[in-house]
Every structure is written in structure tokens, then in C-alpha cells.
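A.B. asks:
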Amino acid sequence: MTAIHVEQLTKRFGDFTAVDAISFDIRKGEIFGLLGPNGAGKTTTISMLSTLLEPTSGTALVNGIDIQKDQDGVRKSIGIVFQDQSLDEELTAWENMDFHGRLYRIPKAVREERIQDLLHLVELEDRKESLVKTFSGGMRRRLEIARGLLHEPAVLFLDEPTLGLDPQTRNHLWTYIQTLNRTKGITIILTTHYMDEADRLCDRIAIIDRGTIIAMDTPEELKKRVGSDVVTVTSPDSERIATEISAPWISGAEQHDGQVTIRLHDAEEHIAELIRSFGDHEYAITSVSIHQPTLEDVFLHYTGKTIREEEPGAADRIRMRMMGGRH
Amino acid sequence: MDIVYTLWLRSLKRYVRSKSRIVGSLGMPVFFLLALGFGLNSVVQMPGDTGENYMQFLVPGIIAMSVLFTSVFSGIQIIWDKQFGFLKETLVAPVSRLEIMLGQTLGGATTAVIQGAFILILSLLIGIRFTSFTGFLIAFLFMTLIGICFAAFGIAIASKMEDMHGFQLIMNFVVFPIFGLSGALFPIESLPEWLVPLTLIDPLTYGVEGIRYGLLGTSAIHPLVCLAALGGCTAVMIVAGALLFRKASI
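The listed protein sequences correspond, in order, to chains A and B.
Taking my numbering, the leading residue of the first sequence gets 323, the next gets one more, and so forth.
Taking my numbering, the leading residue of the second sequence gets 6, the next gets one more, and so forth.
1. Output yes or no for whether 8 Å exceeds the beta carbon distance between residue 589(A) and residue 612(A).
2. Taking 8 Å as the threshold (beta carbon to beta carbon), is residue 7(B) in contact with chain D?
3. Residues in its own chain within less than 6 Å of residue 128(B) by CB, not counting five upstream and five downstream?
4. Which of the three DSSP states, helix, strand or coil, is assigned to residue 410(A)?
5. Listed from N- to C-terminal order along the chain, which residues in the stretch 90-103 of chain B have their beta-carbon within a distance smaller than 9 Å of any beta-carbon of chain A?
6. Tell me the DSSP secondary structure of residue 534(A) in three-state form.
7. Along the beta strand (DSSP E) that carries residue 356(A), what are the first and last residues, could you check?
8. Quick check on residue 464(A): buried or exposed, where buried means 16 or more other Cβ atoms within 10 Å of its Cβ?
9. Closer than 8 Å, Cβ to any Cβ of chain B: which residues of the stretch 408-428 of chain A, in chain order?
10. If contact is defined by three or more beta carbon pairs under 8 Å, each pair taking one atom from either stretch, is the stretch 168-175 of chain B in contact with the stretch 198-216 of chain B?
11. Counting Cβ pairs closer than 8 Å, one from the stretch 37-51 of chain B and one from the stretch 81-97 of chain B, do we hit at least three?
12. Between the C-alpha atoms of residue 371(A) and residue 415(A), what's the straight-line distance to the nearest angstrom?
13. In this structure, does DSSP put residue 16(B) in helix, strand or coil?
14. Check whether the Cβ atoms of residue 382(A) and residue 509(A) sit closer than 8 Å, and answer yes or no.
15. Less than 8 Å between the beta carbons of residue 235(B) and residue 130(B), yes or no?
16. Can you tell me where the beta strand (DSSP E) holding residue 485(A) begins and where it ends?
17. Looking at the strands, I want to know which residues DSSP matches up with residue 577(A).
18. Which of helix, strand or coil does DSSP assign to residue 512(A)?
19. DSSP three-state label for residue 227(B), please.
20. What residues in the stretch 443-472 of chain A bring their beta carbon closer than 7 Å to a beta carbon of chain B?
21. My output table needs one value for residue 614(A): the three-state DSSP class, helix, strand or coil.
22. Exposed or buried, which one is residue 609(A) when buried takes at least 16 other CB atoms within 10 Å?
23. Mind checking which residues open and close the beta strand (DSSP E) that includes residue 438(A)?
24. Quick one, which residues of the stretch 6-29 of chain B are near chain A if we go by CB-CB under 9 Å, in chain order?
25. What is the DSSP secondary structure of residue 405(A), counted as helix, strand or coil?
26. Within 10 Å of its beta-carbon, does residue 349(A) have 16 or more other beta-carbons around it, so buried, or fewer, so exposed?
27. How would you list, in chain order, the residues of chain B whose beta-carbon sits under 8 Å from the beta-carbon of residue 560(A)?
28. Please list the terminal residues of the continuous alpha helix (DSSP H) segment that includes residue 548(A).
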């Protein structure tokens, strides 16, 4: 069963190709992640699938409905939580929900019951009469997720759902998202540039960079492709190491920012030999670490660069602050 | 229709909650009314022999002013919705942009008429007497038309604007001239002849004269002409606002 079918979907803004002929299928009930750095084309993809942007070319079906032929049909069947906040701060939590319910023409009795249930689900029941401007970032996000579910969509889009939130709130939200997926069977497509988020939540991940999908699989499979272990070496001679190092148990090495990431099998067994060979070649070594491959290594493997993760960029931080502190 | 009502309801809720905005946007009209009214009442001799004084003459103009500014501002407010993301929430819903635009327009018009009504009540309190109850209804009809016309105008402008930076420009070079040329502050009969055509292409002129007819029983332009001109202009603004809003990017 396919929830979303995307074929050769492309979006150009003038000369710039934001999304370049991507194709993928998302099964019903799946949590699917679009992982990539800022500006990779994730939000543009989501905007096209949610009918906010017209594709330049290509087709996509959401719940079997063509995004260009029947926009209203698609809109009725999806819920969306935007990257930027989209609540009315001058209204209460309940009123924001009620407004949404009316826009989707949900009859009054059903609407009120569902709002009650959903506010209970996201633990905002006791704050339902408070104005949204008094809410914290995490509460706003939860309210937006509840709102996105009000019309019982078959597919829920989450665009950077935990951007700018503190670790505790992120954890909390992840639990919500998983619960929603399991109990209600909702297909979830989320975009993120947080590796841990993609790893923890997603059944399958598409790594997207510069508008194209460069790898797509389950997080486990993606990591397996990198190798069973990863040794990261920090060294002034990193370029030499990356080109010269070789052994039957080494499956590859990439150099970036003064570090070499060596993909290999059974690192514990071979580490002594590896260090010895560093000595033989007289490489200067600053530090060496062994770890299981992470999505970060996967990303590096496919793109030859690290994702700019950790913190949102300066613009995001200012935006989050503005949202938080606005009256 | 229920979607239009939903948007209207939201406008009203926001309006009722923003006490500072209500008081703030009453400030300038009240100042004009009191300063110009009391200040010029004794020195200005109204042309003709209708027996009305300048204060009486001024009240309809200030009511129109209050409706004009509130409605343009409420239309332009969709820029805030755009900047703070709320517009996306409405645009991604399975509703037409026309419904959104109409709801926003009617919401803005309603708040504008309420602001105008405050001035009307104030002028009753400072001792102005008006002709009849029917006159009140006529005045409200024209206030409503001004409200709808200029809320739609505000939306049309907001659809073309990226952010609030151009707001001052619009206020100084569009809204103030509309107000200034409308005959709200002076009788249009006594203007130099070259200026008359300008006042006659200003839709607010017909609104001011319409309200004046309702409240004072006399007007420089026949009320039916006012109704036709302002009504026509309102229709044009709604169409323009709807077309521009439909094309507005988010």
C-alpha cells in the first residue's frame, strides 16, 4: 500500500534547481525521513507535496490523489506542521484548534470532542483557555501537531518538528510522534537535519543533498553500507592517510576537515595493526577513535562532507527567539 | 459561507482582545475631532445657510476617517499573518482563497465600522444632535461600504507587499491623500475648481458625503450618486483584492 508516490519531481526557482527529479515511494503507516542539510530541498519537497508550491515538472500522488489535479483532495487528506510556527498567538489553544476544525468543515459536535481528545493527548488540556503567546516553544509545537491531526489526516507532514527545541522537549516530541504512528497508523513524513532524530524515529530515510536523493534505505541498512565499524583519525597528514592507507579489512577512507574516516570490519581486532601502520608511514596522529557507524558517517560517505547539524543556524535562532518573545 | 464566518470570527476575537489597538486607533480621529472641531468652530463660517456649524460638518468626516484607517490597516494585517506563518495554515486548508479574502475583508470592515461608531457616540456625548433614526441607518450603510471597500484595498496592497516596510509609504502617499482629498475636513463646493476633479475620483468623498447626508440631512453630492459611486468602487476593490490575493505568494 502506497501513501505517497513521487516521480521525477522537480522544482526550479529561476536558474536554481531546488529539487532535482526526485522519486520515491512511502508505504502506508511508515515514518519516512528526508534527511539533509539546510537548503538541500527538503522543505521545497514538502511544500510541493502539500500543494503550497507548484512543481516545475514531475508528478506526485498523495493518498492516491494527484497533487496538481486535485489540490483540495490532497489538502483534506494531509496534516502539516510547518517549520516555522503557524499559530495565531492572539487566540487561545482551543480557539486555534477550533479555527482549524471550522476550516476543514468538521461538524461542531465531532470537532469539540476531537479537540478535547487531542489536547489531552498532547497534554495541553489544562492550558486550553490560555493565549498561545504565553506558550513555550515545546507547547506550541505540541499544539501544532494536535492541530495537524484534528481532521484525521492519513498522512502527516512534519517539517523540522524539533528545530530549536531543548533536548528534553525533543525527546518528548519523539515519543508523541512514535505513539501517533503506532496507535493511529498515520503515515508520517518528516524532514530533519538532526541525525539522531532521523535515526531514532524513521523506518526509512532518504538522504537528500542539493536537491537530489543520494541514498534511501532503513537507518540500519544505510549504516551497514558504510561498514561494520568506523575509525576516525585526526591528523595533519589526513590527506596522505586517506589516499595511502589500505588493507584487506579496510573498505574505504574519506578525508574531511583534517580528519580521516576509515571504514573497516572488526575494528577492535585490527586497531593495533592500523596504529602500527601509521607508525610505519610516520604519520603525525593527533587522536584516534573507534565507533559504530552513525548516520553522520553515512552522510559523509555519500556526500564527502559533514552535515551542519547540532545547532540551528543564526537566522533560525533569531527567528525562534522572535517567535518565543513576541507579544 | 461558514469559512467566511470563521475568518470573520477570528478578526473579531483578535480585535476585542487588542485593547491598545482599539484605543490607539481612536486617538487620531478623536484628536482631529476635538482640536479641529472646537478650535475652528468659532472661526469657520460654513458656506450657504443650512445653519450647521463646523463641528457638525466635521463629525461625518472624522467618522469616515476612523473607518478608513481601521479598515486599510486590518487589510494590511495579513502581512503579519504572512510573516508569522499563520497565513500558511489557512492557505493549506481545503478552502478557496476567495473565501479567505472575503472573510478577512468582512472582519476588517466590521471592526472599522465599530471604530466609526465610537466616534459617532462620542460626538453625541459632546452635544451634537442628528436628524433621524433612518439617517443613522443611512450613515451606517455608508460606513459599512467604506469599511469593505478599504479593507479589500488593504488586502490588495498586502498581497503585493513582502513585509511591513512599505507600510509607512502606503500610509503617507496613499491613505492620507485619500483622506485629505475627500472633503472630510472642508466642504468640496468651496474648493478651487482645479482641485474638484481630484476629490471626485476619491471614493472616500462619496462615503463622507453619504454619511453627512445620513447624519445632517444635507450633502454636496446626491446620496444616490454617493451610493452608486462608492458601491461600484467597493465592488471593484473586492475583485481587485481577490485577484491579487489569489496570486499572492507565501
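For glycine and all other residues, C-beta sits at the position ideal for the given N, C-alpha and C.
It should be emphasised that the depicted structure is a prediction, and the values quoted were computed from it without experimental measurement.
C.D. replies: This is what the structure holds:
1. Along the first sequence, read from residue 1 onward, the residue named residue 589(A) stands at position 267. Along the first sequence, read from residue 1 onward, the residue named residue 612(A) stands at position 290. Result yes, Cβ atoms of residue 589(A) and residue 612(A) sit closer than 8 Å.
2. In the structure shown, chain D cannot be found, because the protein chains are A and B.
3. Within the second sequence, residue 128(B) is the residue found at index 123, counting from 1. Answer for residue 128(B): 64, listed in chain order.
4. What you label residue 410(A) is simply residue 88 of the first sequence in a count that begins at 1. Here residue 410(A) sits in coil by DSSP.
5. 90, 91, 92, 93, 94, 95, 96, 97, 98, 99, 100, 101
6. Translated into positions along the first sequence, residue 534(A) becomes position 212. Residue state, collapsed to three classes: strand.
7. Start at 1 with the first residue of the first sequence, and residue 356(A) comes out as number 34. Run containing residue 356(A): 353-357, per the beta strand (DSSP E) assignment.
8. Residue mapping note: residue 464(A) aligns to position 142 of the first sequence, counting from 1. Residue 464(A) comes out buried.
9. 408, 409, 410, 411, 412, 413, 417, 421, 422, 424, 425, 426, 427
10. no
11. no
12. The sequence position of residue 371(A) within the first sequence is 49, counting from 1. The sequence position of residue 415(A) within the first sequence is 93, counting from 1. Cα to Cα, the separation comes out at about 27 Å.
13. Stepping through the second sequence from its first residue, residue 16(B) is reached at position 11. Reduced to three states, the DSSP call for residue 16(B) is helix.
14. For the purposes of this step, residue 382(A) is taken as the residue at position 60 of the first sequence. For the purposes of this step, residue 509(A) is taken as the residue at position 187 of the first sequence. No, Cβ-Cβ distance for residue 382(A) and residue 509(A) is not below 8 Å.
15. As a working mapping, residue 235(B) is identified with position 230 in the second sequence. As a working mapping, residue 130(B) is identified with position 125 in the second sequence. Their beta carbons are not under 8 Å apart, which means residue 235(B) does not touch residue 130(B) by this criterion.
16. In the first sequence, counting from the first residue as 1, residue 485(A) sits at position 163. From DSSP, residue 485(A) is part of no beta strand (DSSP E); its letter is neither H nor E.
17. Residue mapping note: residue 577(A) aligns to position 255 of the first sequence, counting from 1. According to DSSP, which records beta bridges pairwise, residue 577(A) is partnered with 582(A).
18. In the first sequence, the residue the question calls residue 512(A) occupies position 190. Correct three-state label for residue 512(A): strand.
19. Translated into positions along the second sequence, residue 227(B) becomes position 222. In this structure, residue 227(B) counts as coil in the three-state DSSP scheme.
20. none
21. Sequence index remark: in the first sequence, residue 614(A) carries index 292 (1-based). The answer is coil: DSSP assigns residue 614(A) none of H, G, I, E or B.
22. Residue 609(A) sits at position 287 when you count from the first residue of the first sequence. Exposed.
23. Taking the first sequence and counting its residues from 1, the one referred to as residue 438(A) is at position 116. Segment 430-443 is the alpha helix (DSSP H) holding residue 438(A); no beta strand (DSSP E) there.
24. 7, 8, 10, 11, 12, 14, 15, 18, 19, 22, 23
25. Mapped onto the first sequence, residue 405(A) falls at position 83. For residue 405(A), the secondary structure class from DSSP, reduced to helix, strand or coil, is coil.
26. On the first sequence, residue 349(A) is found 27 positions in, with the first residue counted as 1. The Cβ neighbour count for residue 349(A), taken over all protein chains shown within 10 Å, is under 16; the residue is labelled exposed.
27. Along the first sequence, read from residue 1 onward, the residue named residue 560(A) stands at position 238. None at all; the shortest Cβ gap to chain B is about 43 Å.
28. Within the first sequence, the letter at position 226 stands for residue 548(A). Here the alpha helix (DSSP H) through residue 548(A) covers 541-548.
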